[in-house]
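Residue numbers (the numbering used here): 545 to 836. Note that CB positions come from ideal geometry on N, CA and C, so glycine has one too. Only one structure is covered here, and it is reproduced in the block below.
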């Protein structure tokens, strides 16, 4: 029974080799763990101060005060995997799953990992910077913390919308809406909401979105910020050897550079949209993303 559950979980998380499922599983695991700790401390005494939970929050949430952050720099990553309530994590994971699948299909899981993690860190660093230099925020810095995967999720949304601006998402009662309008709506809503409430959250969203936008912008120009990261985890491919009969002595034409082909397809997408690709080009791009 135990092995069966373990096997089913592995199949669920690693189905189709998607790294998205892994990130969702990590987020869900920490959410459940923290809430089980909260429940465990509440049962014996509902009026307790929850010392274990307080210690976890103190060492995983991102403080907006720079002095506090310097003493625990790991929170720049850990805060991305912590969530406040069920609706917080549900909303983030749904967007990550549906938009992330589109991103991963065209650029691969390693680029997805890079953008997601760097988007979260970019959002956190932007928040730390603005809480330091903006008077209206600096007065709140010592008492504020940030948590949630939203910055990484927004990085994926913005990157996907920049790569495939005319890719449409269907909404009930509204119809099909291009990704570019969805991303812009999120961006400006976060921008005008900074002064209303949860300024740290809205700022991290903006930081993540900007990272996603500039990453694809540079990728279209031939500058792949994720290249060192991708190279670090690059799988070793066996060399394909072609055997030519001595009798025919037929010369083998050199194969066209795959990176050049992919770059040409990405350029075409940025200029004329996803719909302009032929079926062969879509398959080529999909195959390239799987080989990354």
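Backbone secondary structure at residue i - three-state DSSP
i: residue 621; result: helix
i: residue 716; result: coil
i: residue 607; result: strand
i: residue 679; result: helix
i: residue 722; result: strand
i: residue 739; result: coil
i: residue 587; result: coil
i: residue 710; result: coil
i: residue 777; result: coil
i: residue 598; result: helix
i: residue 685; result: helix
i: residue 627; result: coil
i: residue 616; result: coil
i: residue 565; result: helix
i: residue 767; result: coil
i: residue 822; result: coil
i: residue 657; result: helix
i: residue 592; result: coil
i: residue 744; result: helix
i: residue 756; result: helix
Beta-carbon proximity of residue i to residue j, cut-off 9 angstroms
i: residue 610; j: residue 675; result: yes
i: residue 755; j: residue 666; result: yes
i: residue 620; j: residue 631; result: no
i: residue 697; j: residue 639; result: yes
i: residue 764; j: residue 810; result: yes
i: residue 752; j: residue 699; result: yes
i: residue 608; j: residue 685; result: yes
i: residue 564; j: residue 641; result: yes
i: residue 829; j: residue 806; result: yes
i: residue 566; j: residue 582; result: no
i: residue 820; j: residue 812; result: yes
Beta-bridge partners of residue i, as assigned by DSSP
i: residue 690; result: 606
Pick from the options that is closest to residue i, judged by C-alpha positions
i: residue 749; options: 829, 652, 828 and 702; result: 702
i: residue 604; options: 636, 571 and 700; result: 571
i: residue 708; options: 670, 647 and 687; result: 647
i: residue 710; options: 728, 695 and 716; result: 728
i: residue 663; options: 649, 623, 677 and 687; result: 623
i: residue 738; options: 715, 678, 724 and 652; result: 678
i: residue 713; options: 644, 831 and 600; result: 644
i: residue 633; options: 733, 579, 653 and 732; result: 579
i: residue 618; options: 716, 669 and 825; result: 669
i: residue 606; options: 649, 627 and 827; result: 627
i: residue 687; options: 649, 695, 602 and 734; result: 602
- Three CB pairs or more closer than 8 angstroms across the stretch 645-662 and the stretch 753-770: yes
- Query: Given 8 angstroms as the limit, is there contact between the stretch 734-748 and the stretch 678-691, that is, 3 or more CB pairs closer than that?
  - Reply: yes
- Task: Flag this pair as touching only if the stretch 717-725 and the stretch 766-773 have three or more C-beta atom pairs under 8 angstroms; answer yes or no.
- Result: no
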